[in-house]
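Before any comments, here is the structure.
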Amino acid sequence: MAIETTENDIKERLSIGYVALVSARAGCQVLEIPVDRESCDIEIRPVAGAPVRIDVQLKATVNLVHTDDMVSFALDVKNYNDLCATRVANPQYLVVLDLPDDSEQWLSADANELVFKRCAFWLSLKGQPRSDNVATKTVHIPKDQVFNPESLTNIIMERFAQLEEQGDAA
Numbered sequence: 004m005a006i007e008t009t010e011n012d013i014k015e016r017l018s019i020g021y022v023a024l025v026s027a028r029a030g031c032q033v034l035e036i037p038v039d040r041e042s043c044d045i046e047i048r049p050v051a052g053a054p055v056r057i058d059v060q061l062k063a064t065v066n067l068v069h070t071d072d073m074v075s076f077a078l079d080v081k082n083y084n085d086l087c088a089t090r091v092a093n094p095q096y097l098v099v100l101d102l103p104d105d106s107e108q109w110l111s112a113d114a115n116e117l118v119f120k121r122c123a124f125w126l127s128l129k130g131q132p133r134s135d136n137v138a139t140k141t142v143h144i145p146k147d148q149v150f151n152p153e154s155l156t157n158i159i160m161e162r163f164a165q166l167e168e169q170g171d172a173a
């Protein structure tokens, strides 16, 4: 029997794989949330060190709109409103993986290299006004917010500093 996987299933797995690779390089681990009802697909936390956890809603698309300094994405309004919450245990982030139109270009590997085309961008919507839209809410992400090991380390360290200020860091 042939592999019967939808393109959306592949996008989902690629987004998890991308974040897992970035997280591993930053010294973090990824835990998949088996049922996503609260706009959280994965949790990221350091393997050791800072007792910090962040929750991430993952998206992957070939339809990211690029301008000079921003990318725009139509996010399901339910996800948008969930990510705007301020009373949450862990900080919440949206990570959007930008993929080429041609699925054959998404990923390639040989004996010398693993090539993953394009990148993902991250955004915190904490404290943003809720949307009354019916279906989607367009979010705009600065192009300098590439989700990479450096940005993840900065997010983790910023959260650790917040916990230290509150006296909650171990």
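First residue of the sequence shown? That's 4 in the numbering used here, and the numbers climb one at a time after it. Quick reminder that beta carbons are idealized off the backbone N, C-alpha and C, glycines included.
My assumption, with CB atoms under 8 Å, is that Gln60 sits in contact with Cys87. Please give the rounded CB distance. Along the sequence shown, read from residue 1 onward, the residue named residue 60 stands at position 57. Along the sequence shown, read from residue 1 onward, the residue named residue 87 stands at position 84. Not a contact, Cβ separation roughly 12 Å.
Three-state secondary structure (DSSP) of Pro152: On the sequence shown, position 149 is the one that residue 152 refers to. Correct three-state label for Pro152: helix.
Sort Ser134, Gly30, His69 and Ser106 by Cα distance to Ile158 and report the nearest one. Taking the sequence shown and counting its residues from 1, one reaches residue 158 at position 155. For Ile158, the nearest C-alpha among the options comes from Gly30.
Tell me which residue opens and which closes the alpha helix (DSSP H) that Leu19 is part of. Taking the first residue of the sequence shown as 1, we reach residue 19 at position 16. In the sequence as presented, Leu is not what sits at residue 19; that position holds Ile. From DSSP, the alpha helix (DSSP H) with Ile19 extends over Glu10 to Arg28.
Quick one: is Leu117 buried, meaning 16 or more other Cβ sit within 10 Å of its Cβ, or exposed? What you label residue 117 is simply residue 114 of the sequence shown in a count that begins at 1. The residue in question, Leu117, is exposed, as its Cβ has fewer than 16 Cβ neighbours within 10 Å.
In whole angstroms, what separates the C-alpha of Ile19 from that of Gly170? As a position in the sequence shown, residue 19 is number 16, starting the count at 1. As a position in the sequence shown, residue 170 is number 167, starting the count at 1. Rounded to whole angstroms, Ile19 to Gly170 spans 32 Å at the Cα level.
Coil, strand or helix - Ser75 by DSSP: What you label residue 75 is simply residue 72 of the sequence shown in a count that begins at 1. Strand at Ser75.
Hey, out of Lys129, Leu110, Met73 and Ser26, whose CA is closest to Thr89's CA? The residue you call residue 89 lines up with position 86 of the sequence shown. The residue with the shortest Cα to Cα distance from Thr89 is Lys129.
Which residue from Arg28, Leu17 and Ile13 puts its Cα closest to that of Pro152? Numbered from 1 along the sequence shown, position 149 holds the residue referred to as residue 152. Of the candidates Arg28, Leu17 and Ile13, the one whose C-alpha sits nearest the C-alpha of Pro152 is Arg28.
Tell me where the alpha helix (DSSP H) around Leu86 begins and ends. What you label residue 86 is simply residue 83 of the sequence shown in a count that begins at 1. Val80 to Leu86 is the extent of the alpha helix (DSSP H) around Leu86.
Closest by CA to Asn147, which one among Gln95, Gln131 and Thr70? As a working mapping, residue 147 is identified with position 144 in the sequence shown. Position check: residue 147 holds Asp in this sequence, whereas Asn was assumed. The residue with the shortest Cα to Cα distance from Asp147 is Thr70.
Over what stretch of residues does the beta strand (DSSP E) that includes Arg56 continue unbroken? Mapped onto the sequence shown, residue 56 falls at position 53. No beta strand (DSSP E) holds Arg56; DSSP gives it neither H nor E.
Distance between Val99 and Arg56 (C-alpha atoms, nearest Å): One-based indexing of the sequence shown puts residue 56 at position 53. One-based indexing of the sequence shown puts residue 99 at position 96. Going by the C-alpha atoms only, they are around 19 Å apart.
Rounded to whole angstroms, what's the CA-CA distance from Ser75 to Thr8? Just pull it up for me. Reading the sequence shown from its first residue, position 72 is the one you call residue 75. Reading the sequence shown from its first residue, position 5 is the one you call residue 8. Distance between the alpha carbons of Ser75 and Thr8: 27 Å.
For a test of the three-state rule: what should DSSP assign to Ile45, helix, strand or coil? As a first step, residue 45 is located in the sequence shown; it is residue number 42 there, counting from the start. If DSSP states are grouped into helix, strand and coil, Ile45 belongs with the strands.
Just to confirm my understanding: we take His143, look at its own chain, exclude 5 residues before and 5 after, and list those with CB closer than 7 Å. What are they? If you number the sequence shown from 1, residue 143 lands on position 140. Met73 and Ser75.
Buried or exposed (CB count within 10 angstroms, at least 16 for buried), Ala123: Numbered from its first residue, the sequence shown carries residue 123 at position 120. That one is buried.
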